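K.L.:
This is the structure, below, for whatever I ask next.
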């Protein structure tokens with residue numbers, strides 16, 4: 733039987749240490765495969781000036797480095813906070829199988845993290861979103877995409 | 733006047749080079765501030781075994797390193813493909829002001845990248861998503877979040 737509390741407490745300990753070191757917010761994560769922690773991460777947005785250095789992204793990168801694979805199927809992630817859209821996207825790309833979280837998206841909003849605002853953007857049509865987006869040079873980009881399909885020995889991911 | 737085609741062609745060139753080097757898919761991105769490219773990135777999922785190493789994420793990290801800030805407000809991103817949910821989330825966190833993309837989400841689906849499947853997940857309630865998620869130890873995680881608010885000198889991000 734998995735000791736869920738043990739893994740979550742490790743994620744909390746990582747978050748607690750990093751926030752006290754002013755590395756970032758109260759966000760830590762561990763990735764578990766076959767009852768073993770194979771990756772750990774914590775928020776380092778402030779420490780590294782990297783807005784993508786969330787706990788989950790950092791843990792995924794750490795786990796993938798450790799097992800030399802861009803895929804984490806069969807793994808669980810334990811994260812102190814419910815994943816933001818960026819991290820949820822990363823979890824899907826990494827093919828993680830199970831998510832355990834501590835506090836909720838709304839709890840994070842209460843301490844100043846605007847995940848809810850970002851989630852709301854995703855449910856809007858692109859033309860209604862806060863950050864405007866436009867298509868340009870689609871023809872040239874489509875040639876690129878088409879050439880990709882003709883590259884021999886390409887690896888699907 | 734911004735030369736949008738110039739920046740997009742640079743993104744396409746970065747993608748073209750990296751896909752031919754088997755670093756990843758046909759995805760490149762540049763970040764522009766005040767008519768200058770301040771960050772460049774391309775997909776390196778295969779080359780680095782990092783499922784988060786998409787073109788946009790890589791370009792954001794590069795730009796933030798260059799300007800020593802976790803914020804890119806006032807910047808535009810030019811990306812060969814319409815951003816996936818992970819990258820769109822990163823663009824929001826980085827406070828980028830404008831998105832220009834080449835081919836569409838659906839075009840990417842046609843060459844084997846399942847962004848649409850991931851986007852569909854976001855519009856579902858958490859309990860209906862493909863990757864199950866559960867709340868555990870919320871009380872302990874809430875203590876962490878509450879302690880975060882009491883840290884003196886913390887930097888909002």
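Chains as they are written, first to last, in this note's numbering: chain A, 733 to 889; chain B, 733 to 889.
All residues carry an ideal CB built from backbone N, CA and C; glycine is no exception.
The model shown is predicted, which means the values in this text are computed figures rather than measured ones.
Taking all protein chains shown into account, do 16 or more other C-beta atoms lie within 10 angstroms of the C-beta of residue 809 (chain B), making it buried, or fewer, making it exposed?
P.N.:
Buried, by the Cβ-count rule.
K.L.:
Show which residues of chain B have a CB atom less than 7 Å away from the CB atom of residue 769 (chain A).
P.N.:
Result: empty, since nearest Cβ-Cβ is about 16 Å, beyond 7 Å.
K.L.:
Residue 757 (chain B) touches chain A at which residues, Cβ-Cβ below 8 Å?
P.N.:
Residues of chain A passing the Cβ test: 880 and 889.
K.L.:
For residue 798 (chain A), does the three-state DSSP call read helix, strand or coil?
P.N.:
If DSSP states are grouped into helix, strand and coil, residue 798 (chain A) belongs with the helices.
K.L.:
What residue range is occupied by the uninterrupted alpha helix (DSSP H) comprising residue 750 (chain A)?
P.N.:
That run of the alpha helix (DSSP H) goes 736-752.
K.L.:
Report yes or no: do three or more beta-carbon pairs, one from the stretch 868-880 of chain B and one from the stretch 748-764 of chain A, lie closer than 8 Å?
P.N.:
Judged by Cβ distances under 8 Å, the stretch 868-880 of chain B makes contact with the stretch 748-764 of chain A, as three or more pairs qualify.
K.L.:
Pull up the distance between the alpha-carbon of residue 807 (chain B) and that of residue 737 (chain B), whole angstroms please.
P.N.:
When rounded, the distance between both Cα atoms is 16 Å.
K.L.:
State the DSSP-derived secondary structure class of residue 880 (chain A), mapped to helix, strand or coil.
P.N.:
Residue state, collapsed to three classes: helix.
K.L.:
Quick one: using the 10 Å Cβ neighbour count with 16 as the cut-off for buried, is residue 838 (chain A) buried or exposed?
P.N.:
Per the 10 Å Cβ criterion, exposed.
K.L.:
Output, in chain order, the set of chain B residues within a Cβ distance shorter than 8 Å of residue 781 (chain A).
P.N.:
Near residue 781 (chain A) (Cβ distances below 8 Å), the residues of chain B are 796, 797, 800, 801 and 802.
K.L.:
Check whether chain A comes within 8 Å of residue 855 (chain B), counting only Cβ atoms and requiring the distance to be less than that.
P.N.:
For residue 855 (chain B), the answer is yes, since a Cβ of chain A falls inside 8 Å of its Cβ.
K.L.:
Within 10 angstroms of its Cβ, does residue 864 (chain B) collect 16 or more other Cβ (buried), or is it exposed?
P.N.:
So residue 864 (chain B) ends up on the exposed side.
K.L.:
For residue 759 (chain A) versus residue 813 (chain A), is the C-beta spacing smaller than 8 Å?
P.N.:
Against a cut-off of 8 Å, the Cβ pair of residue 813 (chain A) and residue 759 (chain A) comes out as a contact.
K.L.:
Whose Cβ in chain A lies nearer than 7 Å to the Cβ of residue 844 (chain B)?
P.N.:
Ordered by position in chain A, the residues that pass the 7 Å Cβ test against residue 844 (chain B) are 888.
K.L.:
Check whether the Cβ atoms of residue 822 (chain A) and residue 789 (chain A) lie closer than 8 Å to each other.
P.N.:
Going by C-beta atoms, residue 822 (chain A) is nearer than 8 Å to residue 789 (chain A).
K.L.:
At which residues does the beta strand (DSSP E) containing residue 763 (chain B) begin and terminate?
P.N.:
It spans 760-765 - the beta strand (DSSP E) in which residue 763 (chain B) sits, taken as one unbroken run.
K.L.:
Does residue 681 (chain B) get closer than 8 Å to chain A when you measure Cβ to Cβ?
P.N.:
The question about residue 681 (chain B) has no answer here: the residues shown for chain B are numbered 733 through 889.
K.L.:
Between the beta-carbon of residue 784 (chain B) and the beta-carbon of residue 792 (chain A), is there less than 8 Å?
P.N.:
Contact flag set, yes.
K.L.:
Counting only Cβ pairs nearer than 9 Å, list the residues of chain A close to residue 839 (chain B).
P.N.:
Under the 9 Å cutoff, chain A gives 870, 873, 874 and 877.
K.L.:
Distance cutoff 8 Å, beta carbons only. Does residue 773 (chain B) sit that close to anything in chain C?
P.N.:
Annotation note: the requested chain C is absent from the structure, which comprises protein chains A and B.
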